[in-house]
Amino acid sequence: GELCCFQADLEALGTKLNPVIGYFDPLGLSDGAAFWGQSNEFTIGFLRHSEIKHGRVAMAAFVGYIVQSGFHWPWAMTRDGMGFPGTDLSPPEQWDALPFASKLQIIGVIGFLEWYSELTPQEGAQGGQIHYTKGGKPGQYPTFDAIPHDVPFNLYDPFRLSTNMSDELKERRLQIEINNGRLAMIGIFGFLSAQTIPGSVPALGSIITKQYTGEVMSPFSADFTVSLF
Numbered sequence: 067g068e069l070c071c072f073q074a075d076l077e078a079l080g081t082k083l084n085p086v087i088g089y090f091d092p093l094g095l096s097d098g099a100a101f102w103g104q105s106n107e108f109t110i111g112f113l114r115h116s117e118i119k120h121g122r123v124a125m126a127a128f129v130g131y132i133v134q135s136g137f138h139w140p141w142a143m144t145r146d147g148m149g150f151p152g153t154d155l156s157p158p159e160q161w162d163a164l165p166f167a168s169k170l171q172i173i174g175v176i177g178f179l180e181w182y183s184e185l186t187p188q189e190g191a192q193g194g195q196i197h198y199t200k201g202g203k204p205g206q207y208p209t210f211d212a213i214p215h216d217v218p219f220n221l222y223d224p225f226r227l228s229t230n231m232s233d234e235l236k237e238r239r240l241q242i243e244i245n246n247g248r249l250a251m252i253g254i255f256g257f258l259s260a261q262t263i264p265g266s267v268p269a270l271g272s273i274i275t276k277q278y279t280g281e282v283m284s285p286f287s288a289d290f291t292v293s294l295f
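First residue of the sequence shown? That's 67 in this note's numbering, and the numbers climb one at a time after it.
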């Protein structure tokens, strides 16, 4: 398949994703890096899965950055009636304004989804699939079919729109997803750079005018700090 973990397949996929640049691995990570002393196939599977996952997160972050800059839920966020952070705040400031418990809930849900994605029951078992570092498909999220209580929707394709989709179309859509994810990773860091370093992204200079003075890489800096020295 398009995402199997062999060097030749990775090179062919690179050309399909971008015929102009083609396969691009300047650090040679997919050719003998052998992460954690494992095989090259293990390393390629890990790298491919990591790229797809980061691309998906970046796409969500990019869209969220735009939406929450002009909209927030109108109802109360907490039981005591506290509302959601307003649009007068920048997205990083909105995060800082969340109660500590809200941040833990968000990170807790993400942590559960990450933990569940690494579960690999024996292939053929309900919800089972081969791990992406052992020949499985990088980027494939397991279904919730094996959970004891009923979960009506899966994380991927909750409405089962791809059930009758041809393999060729699935392959093409996956290539589009990877390219969009790569662009979104550049885009979200462009937003953060423009928000924190004046003039660093000239194209966004007239769009992002409010500077953020906090620490974007320290998600709990508004709640507590730890001094190492």
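Beta carbons are placed, not taken as given, at the ideal position from N, Cα and C, and that holds for glycine. These numbers were taken from a predicted model, which means no experiment stands behind them.
Chain-order list of residues whose beta-carbon lies under 7 Å from that of residue i (same chain, five-residue window excluded)
| i | result |
| --- | --- |
| Ser-287 | Gly-280, Glu-281 |
| Pro-158 | Gln-261, Tyr-278, Gly-280, Val-282 |
| Ala-142 | Met-148, Gly-149 |
| Ser-228 | Lys-236 |
Among the options, nearest to residue i - alpha-carbon criterion
| i | options | result |
| --- | --- | --- |
| Gly-136 | Val-267, Pro-151, Ile-173 | Pro-151 |
| Ile-274 | Leu-235, Tyr-131, Ala-250 | Tyr-131 |
| Leu-76 | Tyr-222, Gln-104, Phe-108 | Phe-108 |
| Leu-179 | Pro-85, Thr-209, Leu-249 | Thr-209 |
| Ala-250 | Trp-102, Val-129, Phe-90 | Val-129 |
| Ser-156 | Asp-289, Ser-105, Phe-290, Thr-262 | Thr-262 |
| Gly-91 | Trp-102, Ile-110, Ser-105, Ala-124 | Rather than Gly, the amino acid found at residue 91 in this sequence is Asp. The residue with the shortest Cα to Cα distance from Asp-91 is Ile-110. |
| Gly-205 | Lys-276, Pro-224, Asp-233, Glu-243 | Glu-243 |
Per DSSP, cross-strand counterpart(s) of residue i
| i | result |
| --- | --- |
| Ala-78 | DSSP output for Ala-78 lists no bridge partner at all. |
| Ala-328 | Only positions 67 to 295 of the chain appear in this structure, which leaves residue 328 out of reach. |
Same chain only: Cβ atoms within 8 Å of residue i, ignoring 5 sequence neighbours per side
| i | result |
| --- | --- |
| Ser-259 | Ser-266, Val-267 |
| Gln-134 | Thr-153, Pro-157, Gln-160 |
| Asn-246 | Gly-121, Met-125 |
Sequence-distant residues of the same chain with beta carbon closer than 6 Å to residue i, five excluded per side
| i | result |
| --- | --- |
| Trp-161 | none |
| Ser-183 | Tyr-207 |
| Pro-85 | none |
| Gly-201 | none |
(request) Kindly confirm or deny that the region 167–175 and the region 73–83 touch, where touching means at least three C-beta pairs closer than 8 Å. (result) no
(message) Whether or not the region 218–226 and the region 86–97 are in contact is what I'm after, with contact meaning three or more pairs of Cβ atoms, one per stretch, closer than 8 Å; do they touch?
(response) no
(message) Three Cβ pairs or more, each shorter than 8 Å: is that satisfied between the region 110–120 and the region 161–170?
(response) no
(request) Run through the region 216–262 for me and flag every whole alpha helix (DSSP H) of 4 or more residues, listed as ranges in chain order. (result) Counting whole runs of 4 or more residues, the region 216–262 contains the alpha helix (DSSP H) stretches 233–262.
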